[in-house]
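What follows is a set of notes on a single structure, which appears directly below.
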Ligand code: MTE
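Residue numbers (this note's numbering): 2 to 320.
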């Protein structure tokens, strides 16, 4: 299989950051000179519909790890997405024909702006960034993934949550005709997840719309999914259709299924074992069969950015 890595892409295919910034400055200046209120639309993040289409105007993020990303092949063939089967290879096969457009996102609950938004309109106000993050799955494997997305903090601010919004809840599409895994009750569908408002607005949390500079592959959660790098992978809910600003802690799928094993917080923690296995070490996917496991880091190595969120909280009880 021929994989196009960033290194293989001709410089002429990439909008340089300078050009990109100049273009935006140009649009902004024009909008101001013309007294136009159209500026936000003109600065739109545009997400093409075609599979593997490149995303335009993606800025680099200082939050990226300098570890080498896993290959495109690893990232798109070893997945957890129970809506398309419970085997790691199932999503790549059974999500092949999934059509992630047209797509709408309902924004509900304690916010000044709510409604049902077409995916493109939803994305327009935000700037795209590449964030290379470690993903640590609760099953003790990990990968490094070059996501493209927008800070969830920007999205939250845009919808103007009220002081009652203590949590942000997310839901995946529920449509067994399009997601064949939902014909079996392996989970109580739709897949649900949630964060505290402080976690949702932490600068590390993103809504991702692509990877390796291209639109999100179906098996990774097209067209839009959450990425919370200091938490076990199951918090990073895929194919989101609903975002709700809630006063009470929302129900979350794995906690509903097995509360003894999966808590609401799900912070990566090598000191707190899963009831059935250790969380102290992890296997890096793609490292080869004989590679030794590597130690798992507290908060998946993102402690300097997030440890303050859990000060005074007993992480053994609040797992
Ligand atoms: N989101 C939905 N809707 N359904 C799922 O089964 N699996 C979770 C999470 N998001 C899951 C989901 C788990 S357990 C992991 S480890 C990550 O997605 C995997 O993301 P990836 O396949 O892009 O690596």
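Each residue gets a CB set at the ideal place from its N, CA and C atoms; glycine is no exception.
What you are looking at is a predicted structure, and each value in this text was computed from that prediction instead of being measured.
- Under the three-state reduction of DSSP output, residue 81 falls in the coil class, being neither helix nor strand.
- The region 211-227 makes contact with the region 142-159, as at least three CB pairs between them are under 8 Å.
- A straight line joining the alpha-carbon of residue 266 with that of residue 232 spans about 8 Å.
- Approximately 5 Å separates the beta-carbon atoms of residue 228 and residue 207; this is inside 8 Å, confirming the contact.
- The beta carbon of residue 184 sits closer than 8 Å to those of 177, all from its chain and outside the five residues before and after it, given in chain order.
- Annotated as proximal: residue 243 and residue 172, with beta-carbon spacing under 8 Å.
- Under the Cβ criterion (8 Å, minimum of three pairs), the region 85-99 does not count as touching the region 157-165.
- Residue 152 holds the alpha-carbon nearest to the alpha-carbon of residue 59 among 245, 249, 52 and 152.
- When the Cα atoms are used, residue 201 and residue 129 turn out to be separated by approximately 17 Å.
- DSSP, read as helix, strand or coil, puts residue 255 in helix.
- Only exposed fits residue 305, as fewer than 16 other CB atoms lie within 10 angstroms of its CB.
- Within the same chain, 132 and 133 come within 6 Å of residue 65 by CB-CB distance, once the 5 residues on both sides are set aside.
- Annotated as proximal: residue 317 and residue 273, with beta-carbon spacing under 8 Å.
- Around the beta carbon of residue 85, a 10 Å sphere encloses 16 or more other beta carbons of the protein chains shown; the residue is thus reported as buried.
- Residue environment analysis places residue 285 among the buried positions, since at least 16 neighbouring C-beta atoms fall within 10 angstroms of its C-beta.
- Leaving aside the five residues that flank residue 190 on each side, the residues in its chain whose CB is nearer than 6 Å to its CB run, in chain order, 175 and 183.
- About 7 Å separates the beta carbon of residue 81 from that of residue 234, a gap short enough to meet the 8 Å contact definition.
- No residue range can be given for residue 50, since it is assigned to no beta strand (DSSP E) and is classified by DSSP as neither H nor E.
- The three-state secondary structure of residue 124, taken from DSSP, is helix.
- For residue 119, the uninterrupted beta strand (DSSP E) segment begins and ends at 116-119.
- Residue nearest to residue 179 within the set 104, 121 and 237 is 104 (criterion: CA-CA distance).
- Residue 178 is not bridged by DSSP to any residue.
- In the DSSP assignment, residue 200 falls within the alpha helix (DSSP H) that extends over 198-201.
- The criterion of a C-beta distance shorter than 8 Å is not satisfied by residue 194 and residue 115.
- In the assembly as shown, residue 61 is an exposed residue. Its beta-carbon has fewer than 16 other beta-carbons within 10 Å.
- No Cβ-Cβ contact shorter than 8 Å links residue 117 with residue 224.
- Here the alpha carbon of residue 89 sits roughly 29 Å from the alpha carbon of residue 107.
- A direct Cα-Cα distance of roughly 6 Å separates residue 143 from residue 283.
- Cβ neighbours of residue 71 within its own chain (closer than 7 Å, five residues either side excluded): 144, 145, 146, 286 and 287.
- The C-alpha of residue 309 is placed about 30 Å away from the C-alpha of residue 124.
- Inclusion of residue 235 in the 7 Å shell around ligand 1 follows from its C-beta lying nearer than that to a non-hydrogen atom of the ligand.
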